[in-house]
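From first to last, the protein sequence lines stand for chains S and E. The numbering of the first sequence is the numbering used here, which starts it at 25 and goes up by one. The numbering of the second sequence is the numbering used here, which starts it at 25 and goes up by one. Positions of the beta carbon are idealized from the N, C-alpha and C atoms, including for glycine. Predicted model only: the values in this text are computed from it and were never measured. So the structure is just underneath, and the comments pick up after that.
2 protein chains.
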Amino acid sequence: MTGEIDVADSLRDGILRGDYVAGQRLVEADLCERFGTTRFIIRSALQSLAAQGLVEMRRNRGARVRTVTIDEAIEISEVRRALEGLCAARAAERATGDDRAELRQIVQSMKAAGQAGELLQYSELNATLHQKVRVIAAHETSARILDQLRGQMVRHQFHLSLVPGRAAISMPQHEAIVEAIVAGDPGAAETAMRAHIDSVIEALRALPAAGAPLTVIHPPTVSHPPTRPRGGRSDARRAQP
Amino acid sequence: MTGEIDVADSLRDGILRGDYVAGQRLVEADLCERFGTTRFIIRSALQSLAAQGLVEMRRNRGARVRTVTIDEAIEISEVRRALEGLCAARAAERATGDDRAELRQIVQSMKAAGQAGELLQYSELNATLHQKVRVIAAHETSARILDQLRGQMVRHQFHLSLVPGRAAISMPQHEAIVEAIVAGDPGAAETAMRAHIDSVIEALRALPAAGAPLTVIHPPTVSHPPTRPRGGRSDARRAQP
DNA sequence: TCTGCGTAGATTGTTAGCAATCTTGTCAAC
DNA sequence: GTTGACAAGATTGCTAACAATCTACGCAGA
Numbered sequence: 025m026t027g028e029i030d031v032a033d034s035l036r037d038g039i040l041r042g043d044y045v046a047g048q049r050l051v052e053a054d055l056c057e058r059f060g061t062t063r064f065i066i067r068s069a070l071q072s073l074a075a076q077g078l079v080e081m082r083r084n085r086g087a088r089v090r091t092v093t094i095d096e097a098i099e100i101s102e103v104r105r106a107l108e109g110l111c112a113a114r115a116a117e118r119a120t121g122d123d124r125a126e127l128r129q130i131v132q133s134m135k136a137a138g139q140a141g142e143l144l145q146y147s148e149l150n151a152t153l154h155q156k157v158r159v160i161a162a163h164e165t166s167a168r169i170l171d172q173l174r175g176q177m178v179r180h181q182f183h184l185s186l187v188p189g190r191a192a193i194s195m196p197q198h199e200a201i202v203e204a205i206v207a208g209d210p211g212a213a214e215t216a217m218r219a220h221i222d223s224v225i226e227a228l229r230a231l232p233a234a235g236a237p238l239t240v241i242h243p244p245t246v247s248h249p250p251t252r253p254r255g256g257r258s259d260a261r262r263a264q265p
Numbered sequence: 025m026t027g028e029i030d031v032a033d034s035l036r037d038g039i040l041r042g043d044y045v046a047g048q049r050l051v052e053a054d055l056c057e058r059f060g061t062t063r064f065i066i067r068s069a070l071q072s073l074a075a076q077g078l079v080e081m082r083r084n085r086g087a088r089v090r091t092v093t094i095d096e097a098i099e100i101s102e103v104r105r106a107l108e109g110l111c112a113a114r115a116a117e118r119a120t121g122d123d124r125a126e127l128r129q130i131v132q133s134m135k136a137a138g139q140a141g142e143l144l145q146y147s148e149l150n151a152t153l154h155q156k157v158r159v160i161a162a163h164e165t166s167a168r169i170l171d172q173l174r175g176q177m178v179r180h181q182f183h184l185s186l187v188p189g190r191a192a193i194s195m196p197q198h199e200a201i202v203e204a205i206v207a208g209d210p211g212a213a214e215t216a217m218r219a220h221i222d223s224v225i226e227a228l229r230a231l232p233a234a235g236a237p238l239t240v241i242h243p244p245t246v247s248h249p250p251t252r253p254r255g256g257r258s259d260a261r262r263a264q265p
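What follows is the structure, given as structure tokens:
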């Protein structure tokens, strides 16, 4: 039985999916019940997730889902700007004929989704495009880091994709990136990618103070309320007639 | 007692200092004895170090000190190029008067050490300069990532600093970086930093295939041989007359 | 009524031990 | 002499129970 890995992945997926509210306490005993395993496994999983920056562990205070502020999201995006710029440049140097065709295909689909107003699909294609660039770049170190950062950004990125008019702004930027890669021009590819993420950062700065909207889409599970008392002589659990 | 953190730090320092040979197995029981604690603590520490990329953990096969190949070192340096470029640009925007004075001071000391042929001191000042730039940039996300990467690079960086003529090459590059930051020119600072790390990458590419030299400087502790049999009915331990 | 302290109980940190797994040396068969 | 399988035992994976720590409630005093 490979318990540990499964639990860490499930928990990670759960957090990324929004099953747990940002800032919510992750009580080990509760997670044991939910995943049907022991505290040791849960603890290992939590440590692993803490290393990925998805949860925050404080001594004697347990783990909570890490809240990423807008300021942090901007910092993360600045790092993305640098690293995805690197990947775009490398992609321009390494892209095969098939790669180029696929990139063009993705951009076509994005255009269609954008014009049809399919925000969700546009957002997914956007992720696909960025990932494809990373795959072509074949730069393991930056890929690993970008993966980590993406995990921390999920919520804000989700918000962004719903900002009206966002697709119209980013579409030509994506076209420029793909054009440069297809043309095999590393410098232009890097510049285009950086310009694109600059605009993402600008949009983040304009974003309202974050918060509730997400919980409307992904309501917290009733058995795991956002806050919960700790200690005290509250017999609340058993005191239900 | 805060055991866990101390052990993780001690182990990290030990690896960075070169107490453990690259690729060496880290047997939990041995580490327990060495640090005077239990396997749980050791295990947590190892997981933490694995997350930082300093050790490699494989299921049922334990932990070993991660070996970073020259190719990986180059990849890491490419990421450093992107992120330190970002930091240099931000430093140029944020540096106070005191910061500028301190930067100039460090460069002066480097010049002196370089001319005196004090390779070790030059290498330390080099690290100090890069760190100072990061501190001025005040960019937590990239600082955290750069810290991790630095840990993985230590060995190769050490090799580099011993390459004859290296100081003479990097000195003007460092001057250019500091000049740009002092002048408050973010673009020039980023360009200068990227040029500098480009030359580091070039030097890495020219480096001989890595390996033994380091063990001459930091011989492995006798109680922790690089390789050790596992399993089998070898009574080697007790069979010493 | 408000404030500060002690205590109950929930929660996490740690320990010791059993079970599963892998490595290596040895032996037999070809 | 070489190749394959077997078994010993070292090593890691996991479980359950104990100890340390923190939080909130309620009571006494002002």
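Asked, Found
"List the whole-angstrom C-beta distance separating Thr165 of chain S from Glu99 of chain E, where the pair is believed to meet the contact cut-off of C-beta under 8 Å.", "4 Å"
"For a test of the three-state rule: what should DSSP assign to Ala216 of chain E, helix, strand or coil?", "helix"
"Mapping the DSSP letters down to three states, classify Leu231 of chain E as helix, strand or coil.", "coil"
"For Val240 of chain E, does the count of other Cβ atoms within 10 angstroms reach 16, so buried, or fall short, so exposed?", "With a pLDDT of only 28 at Val240 of chain E, under 50, the local geometry of the prediction cannot be trusted, and the value read off the model is given with reservation. Looking at its Cβ environment, which holds fewer than 16 other Cβ atoms inside 10 Å, Val240 of chain E is exposed."
"Counting only C-beta atoms, is His163 of chain S closer than 8 Å to chain E at any point?", "yes"
"Within 8 Å (strictly less), CB to CB, does Glu102 of chain S reach chain E?", "yes"
"Assess, as a yes-or-no matter, whether the segment 185-203 of chain S is touched by the segment 82-97 of chain S under the definition of 3 or more beta carbon pairs within less than 8 Å.", "no"
"By a C-beta neighbour count over all protein chains shown, 10 Å radius and 16 as the cutoff for buried, is Glu117 of chain S buried or exposed?", "exposed"
"On the CB-based measure, 16 or more other CB atoms within 10 Å of its CB, does Ala151 of chain S come out buried or exposed?", "exposed"
"Any residues in the segment 146-174 of chain S with a beta carbon nearer than 7 Å to a beta carbon of chain E? Which ones, in chain order?", "His163, Glu164, Thr165, Ser166 and Ile169"
"With respect to the alpha helix (DSSP H) encompassing Gly109 of chain S, which residues constitute its N-terminal and C-terminal limits?", "Ile94 to Arg118"
"Apart from the five residues just before and just after Val206 of chain S, which ones in its own chain have a Cβ nearer than 6 Å to its Cβ?", "Arg124"
"Cα separation between Leu170 of chain S and Gly141 of chain S?", "28 Å"
"When you compare the CB of Leu186 of chain E with every CB in chain S, is at least one pair closer than 8 Å?", "no"
"With Glu5 of chain E as the anchor, note down where its alpha helix (DSSP H) starts and where it stops.", "Any question about residue 5 of chain E goes unanswered here, given that chain E covers just 25 to 265."
"Going straight from the alpha carbon of Leu193 of chain E to that of Ile94 of chain E, what length do you get?", "The residue you asked about is not Leu; residue 193 of chain E is Ile in the sequence shown. Spanning the two alpha carbons is a distance of roughly 21 Å."
"Is Gln181 of chain S close to chain E? Criterion is C-beta to C-beta, closer than 8 Å.", "no"
"Write down the C-beta distance between Arg105 of chain E and Asp222 of chain E rounded to the nearest angstrom, noting that I regard them as a contact closer than 8 Å.", "7 Å"
"What span of residues does the beta strand (DSSP E) with Arg88 of chain E cover, start to end?", "Gly86 to Val89"
"Answer yes or no: do Arg41 of chain E and Glu52 of chain E have a C-beta to C-beta separation smaller than 8 Å?", "no"
"Going by beta-carbon coordinates alone, are Lys156 of chain E and Met195 of chain E separated by less than 8 Å?", "no"
"With a Cβ-Cβ cutoff of 8 Å, do Gln76 of chain E and Gly175 of chain E count as a contact?", "yes"
"For the alpha helix (DSSP H) that contains Arg63 of chain E, what are its first and last residues?", "Arg63 to Ala75"
"Since Arg82 of chain E is in the beta strand (DSSP E), which residue starts that stretch and which ends it?", "Val79 to Arg82"
"Residues of chain E with a CB under 8 Å from the CB of Glu99 of chain S: which are they?", "His163, Glu164, Thr165 and Ser166"
"Counting C-beta neighbours from all protein chains within 10 Å, is the total for Gln132 of chain S 16 or more, i.e. buried, or is it exposed?", "exposed"
"Does Gly109 of chain E have its Cβ less than 8 Å from a Cβ in chain S?", "yes"
"In chain order, what residues of the same chain have a beta carbon less than 8 Å from the beta carbon of Arg110 of chain E, not counting five sequence neighbours either side?", "Arg is not the amino acid found at residue 110 of chain E; the sequence shown has Leu there. So the qualifying residues of the chain are Ala161, His163, Ser166 and Glu214."
"For Tyr44 of chain S, report the span of its alpha helix (DSSP H) as first-last.", "First-last for Tyr44 of chain S: undefined, no H or E at that position."
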